[in-house]
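To keep things clear, I will list the structure first and then write my remarks on it.
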Amino acid sequence: MKKCLVYVLWLTLLTVSSLYAHDTYVVKEGDAFVIIHGHDGKSDPYNPNFIKTAQAFDASGKDMAITKKPEESRVLLVTEKDPALVMFVYNTGPRVKTPEGWKNIPKSQAKDVIDSAIWIKSVKQIKQWNDRFGKALGGKMEIVPLSNPLKLKVGDKLAFLVLYDGKPLAGAAVGAKGVPKDTLKTDSNGQAEVIIKESGLNIVTAGKITPTPNSPDADKLGEIATLTFLVN
């Protein structure tokens, strides 16, 4: 993987760092893009069925064909040419924690449940800029940059909008390099800004947790929007 080229709310809205610890993005590998889900540039094995949808856009902002290619413990995304933007959804389905550890089953099928959740991450990775990318692209939950993040340098600010079902999401917990836990949330207009702390791959997240105590699957639903991009 080191040889791969990195391209990148009970009803309380929480920080993403406490919500879900893994980074999720894509890297170029040969003629395909690998979905990474892990830490420090290394991917942990994951169920390929967790990758539910994938979209790609070209440099003119037009939709382009993209194919998912599942492997044993990861997924490749294949396009005819390098996309300017990639979006995909990582959905664990119901997971429960028991004395035996975490299992991918509904809480109704488990005994001695300690915790249960469904985690959904909506990832948007920008490689080239088009003005279309400064608008909503139809994700259930998404981060919309208010300017081209690829022009940013260390020390610059990135302002962005968080949307949920196409509407601004106030109080979403924001995560990024240099943002202390539980210190930053989107304002009443669903907006926030972060300072770019380092070059290379930058990952900005916004998340919420919704309690679902009456669900047979899990006691909460955690949703995270992720925006990734490279800073020179």
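Note that the sequence shown covers residues -21 to -1, 1 to 211 in mature numbering (1 follows the signal peptide of the UniProt record, and there is no 0). For glycine and all other residues, C-beta sits at the position ideal for the given N, C-alpha and C. Just so it is clear, the structure is predicted and the values come from calculations on it, not from any experiment.
Candidates Ile182, Val75, Ser126: which alpha carbon is nearest Val153's? Taking Val153 as reference, the option from Ile182, Val75, Ser126 with the minimal CA-CA separation is Ile182.
Under 8 Å, do Val102 and Thr3 count as touching if we go by C-beta distance? Yes; because the gap between Cβ atoms is below 8 Å, this pair is in contact.
Return the CA-CA distance between Thr(-7) and Lys160, expressed in angstroms with no decimal places. Confidence is the limiting factor: at Thr(-7) the pLDDT is only 34, short of 50, which leaves the residue's position unreliable and the question unanswerable from this model.
In three-state terms, what does DSSP make of Gly72? If DSSP states are grouped into helix, strand and coil, Gly72 belongs with the strands.
Cβ-based burial, Leu140 [other Cβ within 10 Å; buried from 16]: Flag for Leu140 reads buried.
Cβ separation of Glu121 and Leu142, assumed to be a contact under 8 Å, to the nearest whole Å: At roughly 5 Å, the Cβ-Cβ gap stays under 8 Å, so Glu121 and Leu142 are in contact.
Can the beta-carbon of residue 216 be found less than 8 Å from the beta-carbon of Ile175? There is simply no residue 216 to check, as the chain begins at -21 and stops at 211 in what is shown.
Roughly how many whole angstroms lie between the Cα atoms of Ser87 and Gly17? Spanning the two alpha carbons is a distance of roughly 29 Å.
Do three or more CB pairs link the region 100 to 118 to the region 56 to 67 at distances below 8 Å? The answer is yes - the region 56 to 67 touches the region 100 to 118, with three or more Cβ pairs under 8 Å.
Cβ contact (3+ pairs, closer than 8 Å) linking the region 45 to 64 and the region 4 to 24: Yes, they touch.
Once DSSP output is grouped into helix, strand and coil, what is the label at Pro49? Residue state, collapsed to three classes: strand.
So, Leu91 versus Pro78, is the Cβ gap smaller than 8 Å? Note that residue 91 is Asp in the sequence shown, not Leu. By the CB criterion at 8 Å, Asp91 and Pro78 fall inside the cutoff.
Give the single residue among Pro62, Glu59, Ile93 whose Cα lies nearest to the Cα of Val75. Check the Cα spacing between Val75 and each of Pro62, Glu59, Ile93: the tightest is with Ile93.
Taking Asn28 as the reference, which of Gln107, Gln170, Ile14 has the closest Cα? Closest option to Asn28, judged by alpha-carbon separation, among Gln107, Gln170, Ile14: Ile14.
Under the assumption that Pro210 contacts Gly179 (Cβ atoms under 8 Å), give the Cβ distance between them as a whole number of angstroms. Checking the sequence, you will find Val at residue 210 rather than Pro. For a cut-off of 8 Å, the C-beta gap from Val210 to Gly179 is around 7 Å, short enough to register as a contact.
Locate the beta strand (DSSP E) running through Leu55, then write down its first and last residues. 54 to 57 is the extent of the beta strand (DSSP E) around Leu55.
Taking only three categories from DSSP, how would you classify Leu148? The DSSP-derived three-state label of Leu148 is coil.
What separation, rounded to the nearest whole angstrom, lies between the Cα atoms of Ala204 and Glu59? One C-alpha to the other measures close to 26 Å.
In the DSSP assignment, find the beta strand (DSSP E) that holds Thr3 and state where it starts and stops. Element bounds for Thr3: 2 to 8.
Would you call the CB atoms of Gly201 and Ala96 closer than 8 Å? Yes, they are a contact pair.
Less than 6 Å between C-beta atoms, sequence neighbours within five positions excluded: which residues of the same chain meet that for Lys136? Correct list, in chain order: Glu172, Ile174.
Within a Cβ cutoff of 8 Å, which residues of the same chain sit near Gly113, ignoring the five residues on either side of it in sequence? Result list for Gly113: Val123, Pro124, Leu125, Ser126, Asn127, in chain order.
Name, in chain order, the residues that DSSP records as bridge partners for Asp42. Under the DSSP definition of a beta bridge, Asp42 partners with Phe36.
So, with DSSP's three-state summary, where would you put Pro124? Note: Pro124 maps to strand in three-state DSSP.
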